[in-house]
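In UniProt numbering, the protein residues as written are 1 to 199.
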């Protein structure tokens, strides 16, 4: 999934400020969880796909975005199928898939800097109590920017392990990925400290 990869464009979503987009995403999330009908929830999936494609992203990218969480979506369905019903599974999958598509549309059309500024503005009133909104904004910006970095590391490790015949061993993939992620986070923390951000 390529959440966090902002793409330059001129679509209506690109022109919309971050605030209304995030607000609409939260409202859609609430509406989805108020829907009790699996059929109604499933109808929301093509609508969300239409919103995603209206950003100018090609259909191939939509499929790539869904390929990442496909395993988790399948697990959610099987869990509900085993402990509930097929209707419950369909409802959960429809909600999850719709939210993934809508969240991807927002992140594809919103620069990380705008997201960080929005968070800082929302948390601004807490500054009088000693809270530093800019720190939260920085943390969110870094987290979003880290997603494609980790995804790229995952791809490199997976290709290397497949070449060694270790493609079926999850530990051979997870362990080096975690180590690389921790090293990257440590290097980033050192860079922030060197610039005196906490001063």
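Glycine included, every Cβ here is placed at the ideal spot set by N, Cα and C.
Since this is a predicted model, take the numbers as computed values, not measurements.
Taking its Cβ as the centre, do 16 or more other Cβ atoms sit within 10 Å of residue 32, making it buried, or is it exposed? With 16 or more other Cβ atoms inside 10 Å of its own Cβ, residue 32 counts as buried.
Anticipated Cβ contact below 8 Å, residue 105 with residue 55, distance rounded: 5 Å between Cβ atoms; contact.
Assign residue 125 to buried or exposed, taking buried as 16 or more other Cβ atoms, counted over all protein chains shown, within 10 Å of its Cβ. By the 10 Å Cβ count, residue 125 comes out exposed.
Contact defined as beta carbons within less than 8 Å: I believe residue 122 pairs with residue 25. What is the distance between those atoms, to the nearest angstrom? About 14 Å separates the beta carbon of residue 122 from that of residue 25, a gap too long to meet the 8 Å contact definition.
Residue closest to residue 115, alpha-carbon to alpha-carbon, out of 94, 139 and 130: Put simply, of 94, 139 and 130 the residue whose alpha carbon is nearest the alpha carbon of residue 115 is 139.
Nearest-angstrom Cα distance between residue 113 and residue 9? Taking the Cα positions, residue 113 is about 16 Å away from residue 9.
Just how far apart, CA to CA, sit residue 119 and residue 164? Straight-line Cα distance between these residues: approximately 44 Å.
Three-state secondary structure assigned by DSSP to residue 155: Taken through DSSP and simplified to helix, strand or coil, residue 155 comes out as helix.
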